[in-house]
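These notes are about the structure you will find just below.
In the UniProt record's numbering, the protein residues as written are 1 to 521.
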């Protein structure tokens, strides 16, 4: 990377500025103007190397709280409720695991009937497909939304507007879900909620990191994970204290604050200066950088405007032209494909373990709380150590640890040991997943960053779509849950070996700048 700063010539016009003849002939010494090599240098200059826009980053990262709650709410709202026999001496009742074949008068739910959709809509004897339909519909909506909306954040809408629309759609459809009259309407609304949710994490993560300099890039990404862990941890607490009330209340508890958050986001957070820059809105980008950095320094304005002439030519894109650019650059295509495979593997294990943890025979609320706790611990580790972690090595190592611990859950019989192995496996999966998302941002320039991130997230959503089926199969044959989770994340994790290391490198803004930087110019 030192070559990038020390080279005296470069084929990229973004790297250096040649002074005009009149300036070269000027004998009088003039104040030295800072050398602007890229937009990264501009962010360092305006904002400062020792800080980042804390208030904006915190507000943007709050979106992850609501995404976490929406992603895991079905664990509680769609759960198979516990039941008991009304006549303890009835052997036909006490010897069966499901009440389907029993007379209605011989058994009863432990909790109020409206505590779960299963009991409220009498789905206890329905097929596994029907019971898992709402959860699968949510992730199917995320998958569809990702493919349809993936490029809009890079092209037409921008990071902030995409995040606003996604948060608004997710919150409103979730509020309406609380009024669902049956499982079919509920599943459709969950699909719409997933469709809206599809770009929340990618848009918020990219927006937060693009407002910060490279010194704090990894830590800013880790802040998002901490908020996600907080949202995950808050859900079992809300579900536990509302277990005697309707599942509909749980939806309102997480949806109304999300709607209020959308309003706060609109008034308090600016658009990404990087995105504005590559879209030709340089003056607005400069002003946002100045506002964030609390400075009115004009020394780099002219250089940054000159940079924009080239960036505008190389990144002025139509709605789906980023896909064409990704296809034309084979390195970008193969990186995206590799990240899709990594995302699928992490997604299966990351969402499968909490959904299947009930099969380990421990309390549901306690098990989810354990997973939420290690999620928070993993996020804190990422926050403090991401600057020292090699991306490629970290992904491979933690995927392997998760694979070994997950498969061991199938063969170990002691309940406490199996629970410990599941917690370690989920912890390793969470770290690998978080590093993959940071890795994805660093592998692509601004022109393609959000598109690549969206594809990676959609691969995660695709993995989530198949998880309910795997968990259902795992109730009969344990290998098809935790055994399959382990082999999938272990096999997919090895693909990270094909990616270049990005620790400590600059974030590029154009394809040409990315290619020149990797060639060592």
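Every residue, glycine too, gets a C-beta built ideally from N, C-alpha and C.
Item	Value
Own chain partners of residue 201 with C-beta closer than 7 Å, once the 5 adjacent residues on each side are dropped	64, 67, 457
Segment limits, alpha helix (DSSP H) that includes residue 331	330-356
Stretch-stretch touch, CB-based, cutoff 8 Å, three pairs: the segment 243-260 with the segment 111-118	yes
For residue 254, three-class secondary structure by DSSP	helix
Endpoints, beta strand (DSSP E) assigned at residue 399	Element bounds for residue 399: not the beta strand (DSSP E) but the alpha helix (DSSP H), 391-411.
N-terminal and C-terminal residue of the alpha helix (DSSP H) that residue 100 is part of	Unbroken run through residue 100: none, as it is neither H nor E.
Nearest-angstrom Cα separation, counted from residue 276 out to residue 283	9 Å
Beta-carbon proximity list for residue 424, same chain, < 6 Å, skipping 5 on both sides	405
At least three beta-carbon pairs within less than 8 Å, the segment 341-354 to the segment 178-185	no
Bounding residues of the alpha helix (DSSP H) (the contiguous stretch that carries residue 184)	183-197
Candidates 353, 488, 380, of which the one nearest residue 472 by Cα	353
Bounding residues of the beta strand (DSSP E) (the contiguous stretch that carries residue 121)	Counting along the chain, residue 121 falls outside any beta strand (DSSP E), and DSSP gives it neither H nor E.
Beta-bridge partners of residue 107, as assigned by DSSP	85
When 116, 441, 394, 86 are compared against residue 250, the one with the closest alpha-carbon	116
Span separating the alpha-carbon of residue 256 from that of residue 497	43 Å
Close-in-space but distant-in-sequence residues of the same chain around residue 502 (CB under 7 Å, 5 per side omitted)	391, 439, 442, 443
Span separating the alpha-carbon of residue 508 from that of residue 428	30 Å
Where residue 325 sits in the DSSP three-state scheme	helix
Cβ-based neighbour list, residue 175, same chain, cut-off 6 Å, excluding 5 preceding and 5 following	255
Residue nearest to residue 165 in terms of C-alpha spacing, selected from 144, 195, 506	195
Residue 133 (DSSP reduced to helix, strand or coil)	helix
Expected contact under 8 Å - CB spacing of residue 140 and residue 191 to nearest Å	6 Å
Nearest to residue 69 (by Cα), restricted to the options 232, 122, 512	232
Inter-residue Cα distance where the pair is residue 208 and residue 220	7 Å
Buried versus exposed call for residue 31 [16 or more other C-beta atoms within 10 Å across all chains shown]	In this predicted model, residue 31 has a pLDDT of only 45, less than 50, meaning its place in the structure is not dependable enough to derive any value.
Rounded distance between the beta-carbons of residue 199 and residue 153, thought under 8 Å	6 Å
Distance between residue 189 and residue 179 (C-alpha atoms, nearest Å)	10 Å
Residue 444 - DSSP class collapsed to helix/strand/coil	coil
Buried versus exposed, by CB contacts within 10 Å (16 or more), residue 328	exposed
First through last residue of the alpha helix (DSSP H) which encompasses residue 369	364-385
Collapsed DSSP secondary structure at residue 113 in the structure displayed	helix
Span separating the alpha-carbon of residue 228 from that of residue 204	12 Å
Closest Cα partner of residue 431 within the set 106, 274, 381	381
Rounded straight-line distance, which links the Cα of residue 239 to that of residue 248	11 Å
Between the CA atoms of residue 88 and residue 137 - distance to the nearest angstrom	39 Å
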